[in-house]
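By full-length UniProt numbering, the letter at position 528 of the sequence shown is numbered 528, and the numbering carries on one by one without gaps.
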Amino acid sequence: MPEEEKKEELVHLTIDGIPVEVPPGTLVWAAAQKAGIEIPIYCYHEKMPPLGACRMCFVEIEKMPKPPQTSCTTPVAEGMVVHTKTEKVLKARRGTLEFLLLNHPLDCPICDKAGECDLQDFTLRHGPGNTRFDLHKRHYEKPIPVSDDVMLDRERCILCQRCTRFSSEISMDNGLVMISRGYRMEVGTAPGHAFDSIFSGNTTEICPVGALTASSYRFKARPWELKRTASVCNNCSVGCNARVDSRVDRVMRLMSRNNDAIDDGWLCNRGRWEFDYVNSPQRLRTPLIRRNGQLTRASWDEALSFIASRLKEIVAQHGKQAVAGIGSTRTTNEEAYLFQKLLRQVIGTGNVDHHHGAFPGARDQLTGKPWAMTNSIVDIEKASHVVLVASDPYQRQPILNLRIKKALRNGAKIFIINSAETELDRLAALTLRVPEGSEGVAVKVMLKQLLNNASVDLSGHEDVRSIIKREDQVIRAGEDAFGAKMTTQLQSLADELLTAKGAVILYDEMATLAAGNEDLAADVQLLAVLTKQLDRPGAGVGPLFEDANSLGARDMGLLPNALPGYQPVDEPSLAYGEILSSSQVKALLVMGANPARHLPDGKLPSSLELLVVQDLLLNETAQQADVVLPAVSFAEKEGSMTNVDHHVQAIRRALRPLPGAKADWEILVALAAALGETWTYASPRDVLLEIADQNPFYAGLTWEDLGAQGVRIVLEQEVAHV
């Protein structure tokens, strides 16, 4: 659309004499923000519908009755003239603050919110300098634990209702509600209900005063003592933007850092509070070498020299294919890239993989695309239908759960096919509880129904009919197990997807490992192709990955059947399960992973002659290692990670590296040198430049491009192969 037409669509108004242009529907408060004019607020939050309860955001609007007006509930209008500093406005604000302070304790020096409290700040800038109230203030027992993680100081609450509206509007679990009426009104939990939401931590962050506080952070530090570093949450594949607040080289808390394209401004409790491993006193601080059956301390030079000599001996005796590597889904792209490069180019083996779901090949044969969500996270809220197959975002990718609820508020219908209960069941238009491991068969039933529908276009996919026909016996057995009612519901859902305005179909990658779900990935992809739910707003399909950099690990070539960028290999090598079971593997390098947890008895094969582990802690795999190399956490290094919808984002160092430990990329460079290969990378930024030169999905990408909120990459591009 031409720029001139866009300008004409804007609403023009004046605020304190400053001309402002904003889109229609913008609230006066937001328009003032754009003009750099502060209007104090308490109850309003940009991610929730306006309420107008606190009466703090008063302005005076010419030609409107009964001034002053609340700016958080008043939309702009063409030619509107707004005043934010008239005597009537200032008097109203002072009055509001005076009432808020009547029973509010004046104990700022000991309040956990001091230094980042809106009541404190606005009283200083907009409130009265003294009080006329000379009676006793109200007192309550304090604090009250409303959950294991959240504490409530009732006398500090100003009844802005942000927390209760978050519970009703955003998380939709009604964990917190307003109790009683009038001067007795307070925040609490509904009778018989617990505030056990995985999103409860958001209420402590959006509380404008010190009423709701996090038990893990309470009285641990002051805001002015904290160093704030923009980073990314490392606890699931959504990649929510987070701010790491640290003090004296300890992570004190993680706070949300709004990125509308990914997290919509929220964090789950896992992302907010599960960082104890970073501060753990059990962190590894020195390399360990097994001597006489015991892991004993060693220097870095000694450990690297030992690894290099043993690798050379094993290669000389058994060949290069006797060496294998298992990489991580939580290390950076740069580290994943260097790990596979060390295995492939320095040692000469293609036996490299990581723990992941079962996908037929590195790319989907129907579309030629890698296995990843074809839609963006934002597309979910535009969908008319959201179909969740064998997935539970609430537990696995929590912030996607909020995005699905946002789609629900926008009119979407949710359909769930799962063997277990999920949090979204209560909100779903249809929940189909199938036997464990039969989600894949349910999808086959839907595919069979589509092939019986004359309106389905099979152009280019004529072989699909014969594929489904070969599965007829499995499908019939599934229909018998499901029963007539559920089979009919599956068939109806398939027909409905054909006419859906936009359907997003998602499944958990790890569900593909369940017996019976071996074809789940390919079949769900086919379902989207046949219903044409691809490449348009509000439509898409793909896996929900497990860890922070699961997709990045795939992109970087931590696969036995693909090089970085899913470029083909001459011959596939040993996959994850084969590496852990093959007696041919004599040396195993493990970076940031714990494969022992995937073995029945937790024991690595006795045929291994060398096991090297890089990690933060002495996990089950490291306890069996011949050499353990201490690594650093996401909070102690730089690099990039790729989230579930292919946003590449930067993590930045918030802490000094733990003395004695090294970043995984530094360990790999040092190990390559010990093996006689000189790598000249000075930082992860140099590695990213090489990735951009080699990987068609990252072509041309630089560290500067990542900025504060990352870049979404979805297309392959030409790359310069050196």
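Idealized CB from N, CA, C, for every residue including glycine. As the structure is a prediction and not an experimental result, all values here were calculated from the model.
Suppose you measure from the CA of Asp705 to the CA of Gln567; what does that come to, to the nearest Å?
What you label residue 705 is simply residue 705 of the sequence shown in a count that begins at 1. What you label residue 567 is simply residue 567 of the sequence shown in a count that begins at 1. Asp705 and Gln567: Cα-Cα distance of roughly 24 Å.
Does the structure place the segment 241 to 256 close enough to the segment 349 to 366 that three or more beta carbon pairs sit under 8 Å?
Touching, no.
Please classify Trp29: is it buried, with 16 or more other beta-carbons within 10 angstroms of its beta-carbon, or exposed?
Here residue 29 refers to the residue found at position 29 of the sequence shown. Buried is the call here.
How many whole angstroms separate the CB atoms of Gly357 and Pro543, which I take to be in contact at a CB cut-off of 8 Å?
On the sequence shown, residue 357 is found 357 positions in, with the first residue counted as 1. On the sequence shown, residue 543 is found 543 positions in, with the first residue counted as 1. Their Cβ separation, rounded to whole angstroms, is 6 Å, which keeps Gly357 and Pro543 in contact under 8 Å.
Enumerate in chain order the residues of its own chain whose CB-to-CB distance from Val22 is below 8 Å, with the five nearest sequence positions on each side excluded.
By one-based count along the sequence shown, residue 22 stands at place 22. Leu10, Val11, Leu13, Ala30, Ala31, Lys34 and Val76, listed in sequence order.
May I have a chain-ordered list of the alpha helix (DSSP H) segments no shorter than 4 residues that lie completely inside the segment 136 to 192?
For the segment 136 to 192, whole alpha helix (DSSP H) runs of length 4 or above, ordered along the chain, are 162 to 165.
With distance defined between alpha-carbon atoms, name the residue in Ala622, Thr422 and Pro128 nearest to Arg93.
Position 93 of the sequence shown, counted from the start, is the residue given in the question as residue 93. Residue Pro128 is the option with its Cα nearest to Arg93.
In angstroms with no decimal places, state the Cα-to-Cα distance between Val150 and Leu288.
For the purposes of this step, residue 150 is taken as the residue at position 150 of the sequence shown. For the purposes of this step, residue 288 is taken as the residue at position 288 of the sequence shown. The alpha-carbon atoms of Val150 and Leu288 are separated by roughly 40 Å.
Using the three-state DSSP reduction, which class does Pro287 fall into: helix, strand or coil?
Translated into the one-based positions of the sequence shown, residue 287 becomes position 287. Residue state, collapsed to three classes: coil.
According to the neighbour-count rule (16 or more other Cβ atoms, all chains shown, within 10 Å of its Cβ), is Lys6 buried or exposed?
By 1-based counting over the sequence shown, the position of residue 6 is 6. In this prediction, Lys6 scores a pLDDT of 48, lower than 50, which makes its location untrustworthy; no coordinate-derived value is stated.
Could you pull the start and end residues of the alpha helix (DSSP H) that Leu447 belongs to?
The count along the sequence shown starts at 1 and reaches residue 447 at position 447. Counting along the chain, the alpha helix (DSSP H) containing Leu447 begins and ends at Glu439 to Leu451.
Hey, is the segment 139 to 159 in contact with the segment 208 to 224, meaning 3+ C-beta pairs nearer than 8 Å?
Yes, they touch.
Whose C-alpha, out of Lys142, Met172, Arg184 and Leu551, is nearest the C-alpha of Leu159?
By 1-based counting over the sequence shown, the position of residue 159 is 159. Selected option, being the one with the closest Cα: Arg184.
Which one of Asp264, Asp173 and Thr189 has the shortest CA to CA distance from Ser180?
Residue mapping note: residue 180 aligns to position 180 of the sequence shown, counting from 1. When each option's Cα is compared against that of Ser180, the closest is Thr189.
Taking 6 Å as the limit between beta carbons, can you name the residues of its chain near Leu430, skipping five residues before and five after?
Start at 1 with the first residue of the sequence shown, and residue 430 comes out as number 430. Excluding sequence neighbours, Leu430 sits near Phe415.
In the DSSP output, what is Phe58 paired with across the bridge?
Position 58 of the sequence shown, counting from 1, holds the residue named residue 58. Its beta-bridge partners are Thr70.
Any contact of the segment 326 to 338 with the segment 688 to 698, i.e. 3+ C-beta pairs under 8 Å?
Result yes; three or more Cβ-Cβ pairs closer than 8 Å.
Name the residue from Gly115, Ser305 and Gln584 whose alpha carbon lies nearest to the alpha carbon of Lys320.
Here the question's residue 320 lines up with position 320 in the sequence shown. Ranking Gly115, Ser305 and Gln584 by Cα distance to Lys320 puts Gln584 first.
Measure how close the beta-carbons of Ala390 and Asn517 come, nearest whole angstrom, since I'm counting them as under 8 Å.
Sequence index remark: in the sequence shown, residue 390 carries index 390 (1-based). Sequence index remark: in the sequence shown, residue 517 carries index 517 (1-based). The Cβ separation is near 7 Å, so the contact holds.
With a cut-off of 8 Å, do at least 3 Cβ pairs link the segment 52 to 65 to the segment 269 to 287?
Short answer: they don't touch.
Counting along the chain, where does the beta strand (DSSP E) carrying Ile326 start and finish?
Numbered from its first residue, the sequence shown carries residue 326 at position 326. From DSSP, the beta strand (DSSP E) with Ile326 extends over Val323 to Ile326.
Considering only residues of the same chain and omitting the five flanking positions on each side of Glu302, which have a CB-CB separation below 8 Å?
Position 302 of the sequence shown, counting from 1, holds the residue named residue 302. For Glu302, where only same-chain residues beyond five positions count, the Cβ hits under 8 Å are Pro287 and Ile289.
Mapping DSSP to helix, strand and coil, what is Ile347?
One-based indexing of the sequence shown puts residue 347 at position 347. Note: Ile347 maps to helix in three-state DSSP.
Does the Cβ of Trp224 have 16 or more other Cβ atoms within 10 Å, making it buried, or fewer, making it exposed?
Your numbering for residue 224 matches position 224 in the sequence shown. Looking at its Cβ environment, which holds fewer than 16 other Cβ atoms inside 10 Å, Trp224 is exposed.
Going by DSSP, which residues form a beta bridge with Pro543?
Position 543 of the sequence shown, counting from 1, holds the residue named residue 543. Paired residue(s): Tyr507.
For Pro630, which beta-bridge partners are listed by DSSP?
In the sequence shown, the residue the question calls residue 630 occupies position 630. Asp615, per the DSSP bridge assignment.
Taking the CB atoms as reference points, tell me whether Ala522 and Pro360 lie closer together than 9 Å.
Against the sequence shown, residue 522 aligns to sequence position 522. Against the sequence shown, residue 360 aligns to sequence position 360. It is a contact, given that the beta carbons lie within the stated cut-off.
Can you tell me which residues form a DSSP beta bridge with Asn241?
Translated into positions along the sequence shown, residue 241 becomes position 241. Beta-bridge pairing links Asn241 to Val232.
Could you check whether Phe133 and Leu102 sit closer than 9 Å to each other, using their CB atoms as the reference points?
Within the sequence shown, residue 102 is the residue found at index 102, counting from 1. Within the sequence shown, residue 133 is the residue found at index 133, counting from 1. A contact, by the Cβ cut-off of 9 Å.
Considering Leu498, what are the terminal residues of the alpha helix (DSSP H) in which it resides?
Numbered from its first residue, the sequence shown carries residue 498 at position 498. Element bounds for Leu498: Asp472 to Thr499.
By DSSP, does Ile417 sit in helix, in strand, or in coil?
On the sequence shown, residue 417 is found 417 positions in, with the first residue counted as 1. The answer is strand: DSSP assigns Ile417 an E or B state.
Would you mind working out which of Ala670, Phe122 and Ile170 sits nearest Ile198, comparing C-alpha positions?
Numbered from its first residue, the sequence shown carries residue 198 at position 198. Ile198 has its Cα closest to that of Ile170, out of Ala670, Phe122 and Ile170.
Answer with buried or exposed for Ala511, where buried requires no fewer than 16 other C-beta atoms within 10 angstroms of its C-beta.
Start at 1 with the first residue of the sequence shown, and residue 511 comes out as number 511. Buried is the call here.
Could you check what DSSP says for His598 in three-state terms: helix, strand or coil?
Counted from its first residue, the sequence shown places residue 598 at position 598. In this structure, His598 counts as helix in the three-state DSSP scheme.
Quick check on Thr374: buried or exposed, where buried means 16 or more other Cβ atoms within 10 Å of its Cβ?
As a first step, residue 374 is located in the sequence shown; it is residue number 374 there, counting from the start. Its Cβ being crowded by 16 or more others within 10 Å, Thr374 is buried.
Counting contacts by CB-CB distance shorter than 9 Å, is Ser299 in contact with chain B?
You won't find chain B in this structure, because it holds only one protein chain.
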